[in-house]
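Position in the sequence shown counted from 1, then plus 1162, gives you the working numbering. No residue lacks a Cβ here, since even glycine has one placed at the ideal position from N, Cα and C. Quantities reported herein were computed from a predicted structural model and do not represent experimental measurements.
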Amino acid sequence: MLDTEDTIEVIGARVHNLKNIDISIPREKLVVITGLSGSGKSSLAFDTIYAEGQRRYIETFSAYARQFLGGLERPDVDKIDGLSPVIAIEQKTTSKSPRSTVGTITEIYDFLRLLFARAGDAYSYNTGEKMVSYSDEQIKSLITDNFLGKRINILAPVIRARKGHYAELFQQITKQGFLKVRVNGEVQDLVAGMKLDRYKTHDIEIVVDRLMVEKSPESEKRLSESIHTAMYHGENVLMILDQDTNEVRYFSRNLMCPTTGISYQNPEPNLFSFNSPKGACEHCNGLGTINEINVKKIIPNPKLSIKNGGFAPLGEYKSSWIFKQLETIGEKYEFKLTDAIETISAEAMEMILNGGKDKFSVTSKAAGITKEYKIDFEGISNFIKTQHDESGSTTIKRWAKEFMDEVNCPECNGSRLKKEALYFKINDKNIADLSGMDISDLTNWFDGLDQHLSEKQKTIAIEVVKEIKDRLHFLVNVGLEYLALSRSSKSLSGGEAQRIRLATQIGSQLVGVLYILDEPSIGLHQRDNEKLIHSLEQLRDIGNSVIVVEHDKDMIERADYVIDIGPKAGKFGGEIISKGTPKEILEQHTITAMYLNGEMKIEVPAKRREGNGKSMKLTGATGNNLKNVSIELPLGKLICVTGVSGSGKSTLINETLYPILNAYYFNGVKKPQPYKKIEGLEHIDKVIDIDQSPIGRTPRSNPATYTEVFTEIRSLFTMTPESMIRGYKAGRFSFNVSGGRCETCEGSGVRTIEMSFLPDVYVECETCQGKRFNRETLEIRYKGKSISDVLNMTVDEAVPFFENIPKIHRKVKTIQDVGLGYITLGQQSTTLSGGEAQRIKLATELSKKDTGNTFYIMDEPTTGLHFEDIRVLMDVINKLVDKGNSVLIIEHNMDVIKLADYIIDIGYEGGKGGGEVVAKGTPEEVVKNKKSYTAQFLKKELL
């Protein structure tokens, strides 16, 4: 037994499937909780320890604050002692806001803004010259030095390059006692009723004073007063006109271009923030992208006629005003609604898409009648744009977005900032240049910055630069040197997002905290694993406790203490089957120990598949960091795409190959990254992509609804005798529509308590006790079970229960085959781990009838899986390939890579150092490559 002062004591934990367990977890150590997927690891780490830590924190709020937080339930545990403040770093916690970037999450961007506001040099966006700013005293001495003995006019600019007649302005200037103005470069006397051509652009300056510059006290006093007056009227800018040469010089208290006189406000940090109106580009509101109409999405098939739904937003012909207008346009341009769209003239298409007003008459030769027509048509494109920009309804906005493409903002070129902000530079780089650099390049730039700063800049920047460098080094240490600060946080994988939060936490240097992490090694190449483990050890060494839910072999072997939960998953798990140091764990006969010590392993196949001799070739891919990559994918094989994080695997497969295939087979509209050509598409029938996104974001979504097996189950319940007597239809057994559901919770089984400043909390509905349906619906039974009982069944129970109903049996059997027999059919999708969600997607696709010629793309399907789960999953994938299908997996896990028939290794490094094919061929061929990082680790597996 561990010493109680140095442990977290958990006694009687019964959350989810935990079987009343007691465990002592050592403090200030690196503790790994491992076990089969679904055995209860997260239930112990997150739903018990973290939930209790959070509850205790909320208990410290005043009673007034707590009334807004409703019932944050105590986890089902008898007692937890020795709990420190808890911080959970999960996979699901990054912001999906388009305004959130790597720079804003890590706070590095905030320091960069401060650095540029205080130490940046401003340059003119007109001439590229360095901007200058002067105090009134400096301006006085410059005028005295440069114009001594000369006659000058002191001018205050009031209008610059704007249209208008300005009669009121001239009247106002006269009332203030001024006698002359300079209009468009010409000095004129102010006269009553003076005005200009309102349709031309004008420059107007007030002539504040005309004097000879001398070095006498009277002259200097007069000059000072005139400067002060001119600054007041010219908003901190004045002009000096040399009367002899007619040359003009500008002077400003603000930053100003010495040649053209444009001035900038003195910079503040919010000038560089794309989330502030002061800094955001006005055209795209600081998002860096705008939505632009894509005509191909409006007219997906130009061979169709308007009547048959050729215009996707309008659908098929209906007797409505819009189709009447199209008929009128047809009269003018001589086409019918039954003509194929591709035959309609360009002029007519311009009118249909962009609108216009017109009156015309058509004479009928047969009847000899002239008919008057009037067109006042907004245009389909304009209508969609208006709906997207101005509609208050999210549904309508989403509908409009279907016909638009997201493109870089033409004003700011995707930098998100106003023009002025981009002309503040340090060592020839503006803030957008720095945000767009890879973190490794940015670190090097900051390391060499000192020699490019003036003494004044060094004094100002010393602390800020130190903070930025520290944070950058933490990101490099967790293996994220290939990211850029401008990378949107919604495009990050779960593992990347988690490691960014980890880097931020290491940067905060807190002590005495309990950190709980959920599989931080996801998406990380074996080469970078060492960095990650070192970062966690660093957190531990400064005096924190670190609990990691993890399956990674290296992480388990480096832990101070390991807790293995099992023996199986779901209700057959929830027990602690072994605990101790990694050495002690190896001596046990658990599944984990047997995989760690080599008693059990995923066997390397005796021979690799030959494939079907056909292949698909992608040539010249250049998206993101890809350097003109060309690959050949042999079909009928298991293909693995490998490489270090950030090397370009996702760009090549998810952003180039998949959109090409999807557009070809299913008319997908996502634009692929640039490539030259693709060959061999005729060799496959369809493409299926299985990625890591959650299968549903609300408690209403569950495995039964996602796999569509629930539709069949509802149909089955409508066929029971009692149901037929009562006349119940399938909708009666849906918890998404009124009728059969419990109306208190509207069929969700839980009530949502909205938190004003915390995430929503879900509590069980008191009316139906979480059953989702009303009493009458629950009275209908099939084989003694109500619809709610069926949703609460595990998949393992459902397989024999539905064995006589082939449609249902096939789908639930596939879920069981991918190793998810322990989950319930109605388990809320929000409670599924990333690995479980991905396997449910996999099961959904596998339960469809495959053609034996399908191309599957999977992105890290081993996420969240134990060694044994990987074996089960790979058995299913191998069966798919054996039927003749092709499977492409993006993967870092060596247990999967060694089973591949063909490997494509992308590298050499992440970010700019990546984007090339390093090695390709069978695993045996790839290991011979000396330059490939994957080959170094794969060699150990093949021995």
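Legend entry - Cβ-Cβ distance between Glu1874 and Lys1947 below 8 Å: As a working mapping, residue 1874 is identified with position 712 in the sequence shown. As a working mapping, residue 1947 is identified with position 785 in the sequence shown. Taking 8 Å as the Cβ cut-off, Glu1874 and Lys1947 do not qualify as a contacting pair.
Inset, instruction - Evaluate the contact criterion for the segment 1213-1221 versus the segment 1744-1763: three or more CB pairs, one atom per stretch, below 8 Å. - result: As far as the Cβ criterion goes, the segment 1213-1221 does not touch the segment 1744-1763, which means the pair count is below three.
Inset, instruction - Put Phe1223 into one of helix, strand or coil per three-state DSSP. - result: If you number the sequence shown from 1, residue 1223 lands on position 61. Correct three-state label for Phe1223: coil.
Inset, instruction - Report the rounded CA-to-CA distance for Gln1613 versus Arg1275, giving the unit in angstroms. - result: Against the sequence shown, residue 1613 aligns to sequence position 451. Against the sequence shown, residue 1275 aligns to sequence position 113. Using only the alpha carbons, I get a separation of about 21 Å.
Inset, instruction - Have a look at Met1163 and Glu1965 and give me their C-alpha separation to the nearest angstrom. - result: Indexing the sequence shown from 1 puts residue 1163 at position 1. Indexing the sequence shown from 1 puts residue 1965 at position 803. Below a pLDDT of 50, predicted positions are generally treated as unreliable, and Met1163, at 47, falls in that range; no measurement from the model is reported.
Inset, instruction - Tell me where the alpha helix (DSSP H) around Thr1621 begins and ends. - result: Taking the first residue of the sequence shown as 1, we reach residue 1621 at position 459. First-last of the alpha helix (DSSP H) with Thr1621: Glu1617 to Asn1639.
Inset, instruction - Compare the C-alpha of Gly1858 against each of Glu1926, Asn1790, Gln1990 and Gly1782 and name the closest. - result: As a working mapping, residue 1858 is identified with position 696 in the sequence shown. Looking at the Cα atoms, Gln1990 is the closest of the given residues.
Legend entry - alpha helix (DSSP H) runs contained entirely in the segment 1303-1340, provided each spans 4 or more residues: 1329-1337
Legend entry - Reference Ala1207, options Phe1230, Asp1240, Val1248 and Tyr1226, closest by Cα: Translated into positions along the sequence shown, residue 1207 becomes position 45. Closest option to Ala1207, Cα to Cα, is Val1248.
Inset, instruction - May I have the straight-line CA-CA distance separating Leu1814 from Glu2053, to the nearest angstrom? - result: The count along the sequence shown starts at 1 and reaches residue 1814 at position 652. The count along the sequence shown starts at 1 and reaches residue 2053 at position 891. Rounded to whole angstroms, Leu1814 to Glu2053 spans 14 Å at the Cα level.
Legend entry - Where the beta strand (DSSP E) through Gly1174 begins and ends: Sequence index remark: in the sequence shown, residue 1174 carries index 12 (1-based). That run of the beta strand (DSSP E) goes Thr1169 to Ala1175.
Legend entry - Other residues of its chain near Lys1563: CB distance less than 8 Å, five sequence neighbours each side excluded: For the purposes of this step, residue 1563 is taken as residue 401 along the sequence shown, with counting starting at 1. Contacts found: Asn1453 and His1550.
Legend entry - Beta carbon of Val2049 nearer than 8 Å to that of Ile2039: Here residue 2049 refers to the residue found at position 887 when the sequence shown is read from its first residue. Here residue 2039 refers to the residue found at position 877 when the sequence shown is read from its first residue. Their beta carbons are under 8 Å apart, which means Val2049 touches Ile2039 by this criterion.
Inset, instruction - Check whether the Cβ atoms of Ile2051 and Pro2023 lie closer than 8 Å to each other. - result: As a first step, residue 2051 is located in the sequence shown; it is residue number 889 there, counting from the start. As a first step, residue 2023 is located in the sequence shown; it is residue number 861 there, counting from the start. For Ile2051 and Pro2023, yes; Cβs fall inside 8 Å.
Legend entry - Cβ neighbour criterion (16 or more within 10 Å) applied to Thr1869: As a first step, residue 1869 must be located in the sequence shown, where it is residue number 707. By the neighbour-count rule (16 or more Cβ atoms within 10 Å), Thr1869 is buried.
Inset, instruction - Answer with buried or exposed for Val1899, where buried requires no fewer than 16 other C-beta atoms within 10 angstroms of its C-beta. - result: Position 737 of the sequence shown holds residue 1899. Label assigned to Val1899: exposed.
Inset, instruction - Compute the Euclidean distance between the alpha carbons of Ala1825 and Gly1810, then round it to the nearest angstrom. - result: In the sequence shown, counting from the first residue as 1, residue 1825 sits at position 663. In the sequence shown, counting from the first residue as 1, residue 1810 sits at position 648. Roughly 21 Å separates the two Cα atoms.
Legend entry - Simplified DSSP assignment, three categories, for Arg1862: Stepping through the sequence shown from its first residue, residue 1862 is reached at position 700. Coil at Arg1862, not helix or strand.
Inset, instruction - Could you tell me the distance, in whole angstroms, from the CA atom of Ile1321 to the CA atom of His1327? - result: Translated into positions along the sequence shown, residue 1321 becomes position 159. Translated into positions along the sequence shown, residue 1327 becomes position 165. Distance between the alpha carbons of Ile1321 and His1327: 11 Å.
Inset, instruction - Find the nearest neighbour of Arg1143 within the set Asp1238, Val1724, Phe1340 and Arg1372, judged by alpha-carbon distance. - result: The shown model of the chain, from 1163 to 2105, leaves out residue 1143, and the question about it has no answer.
Inset, instruction - Measure the C-alpha to C-alpha separation of Met1756 and Arg1943 and round it to an integer number of angstroms. - result: Counting from 1 along the sequence shown, the entry for residue 1756 is found at position 594. Counting from 1 along the sequence shown, the entry for residue 1943 is found at position 781. So the two alpha carbons sit approximately 45 Å from each other.
Inset, instruction - May I have the straight-line CA-CA distance separating Val1974 from Ile1170, to the nearest angstrom? - result: Within the sequence shown, numbered from 1, the residue matching residue 1974 stands at position 812. Within the sequence shown, numbered from 1, the residue matching residue 1170 stands at position 8. Taking the straight line joining both Cα atoms gives about 40 Å.
Inset, instruction - Would you tell me roughly how many angstroms separate the C-alpha atoms of Ser2185 and Ile1725, rounded to the nearest one? - result: Since the first residue shown for the chain is 1163 and the last is 2105, residue 2185 is missing from the structure and cannot be characterised.
Inset, instruction - Decide if the segment 1665-1681 is in contact with the segment 1703-1711; the criterion is three or more beta carbon pairs, one per stretch, under 8 Å apart. - result: yes
Inset, instruction - Following the continuous alpha helix (DSSP H) through His1971, name the residue where it begins and the one where it ends. - result: Translated into the one-based positions of the sequence shown, residue 1971 becomes position 809. Where His1971 is concerned, the enclosing alpha helix (DSSP H) starts and stops at Pro1968 to Asp1979.
Inset, instruction - Let me know the secondary structure DSSP gives Met1163 once reduced to three states. - result: Start at 1 with the first residue of the sequence shown, and residue 1163 comes out as number 1. With a pLDDT of only 47 at Met1163, under the threshold of 50, the placement of this residue in the model should not be trusted; the figure read from the coordinates follows. Met1163: coil per DSSP, three-state reduction.
Inset, instruction - Would you check if the segment 1593-1608 and the segment 1645-1661 touch, i.e. whether three or more CB-CB distances between them fall below 8 Å? - result: yes
Legend entry - Where Asp1722 sits in the DSSP three-state scheme: Position 560 of the sequence shown, counted from the start, is the residue given in the question as residue 1722. Asp1722 falls in the coil class under three-state DSSP.
Inset, instruction - Starting from His1364, follow its DSSP beta bridges and name the residues at the other end. - result: Here residue 1364 corresponds to residue number 202 of the sequence shown, with the count starting at 1. His1364 is bridged to Arg1324.
Inset, instruction - Would you kindly work out how many angstroms separate the C-alpha atoms of Ala1318 and Met1356, rounded to a whole number? - result: In the sequence shown, the residue the question calls residue 1318 occupies position 156. In the sequence shown, the residue the question calls residue 1356 occupies position 194. Their Cα atoms are separated by approximately 19 Å.
Inset, instruction - Would you kindly work out how many angstroms separate the C-alpha atoms of Asp1209 and Arg1176, rounded to a whole number? - result: The residue labelled residue 1209 in the question sits at position 47 within the sequence shown. The residue labelled residue 1176 in the question sits at position 14 within the sequence shown. Roughly 10 Å between the two C-alpha positions.
Inset, instruction - Helix, strand or coil for Lys1409, going by three-state DSSP, please let me know. - result: Numbered from 1 along the sequence shown, position 247 holds the residue referred to as residue 1409. A small fix is needed here, since residue 1409 is Glu in this sequence, not Lys. Three-state DSSP puts Glu1409 in coil, outside helix and strand.
Inset, instruction - Measure how close the beta-carbons of Phe1278 and Ile1588 come, nearest whole angstrom, since I'm counting them as under 8 Å. - result: Along the sequence shown, read from residue 1 onward, the residue named residue 1278 stands at position 116. Along the sequence shown, read from residue 1 onward, the residue named residue 1588 stands at position 426. The distance from the Cβ of Phe1278 to that of Ile1588 is about 7 Å, consistent with a contact at the 8 Å cut-off.
Legend entry - As assigned by DSSP and simplified to three states, the class of Gln1300: For this step, residue 1300 is matched to residue 138 along the sequence shown. In this structure, Gln1300 counts as helix in the three-state DSSP scheme.
Legend entry - Sequence-distant residues of its chain with Cβ nearer than 6 Å to Arg1913 (five each side left out): Numbered from its first residue, the sequence shown carries residue 1913 at position 751. Contacts found: Cys1907, Val1925 and Cys1927.
Inset, instruction - Could you spell out where the beta strand (DSSP E) holding Gly1805 opens and where it closes? - result: Along the sequence shown, read from residue 1 onward, the residue named residue 1805 stands at position 643. Note, Gly1805: beta strand (DSSP E), Leu1800 to Gly1805.
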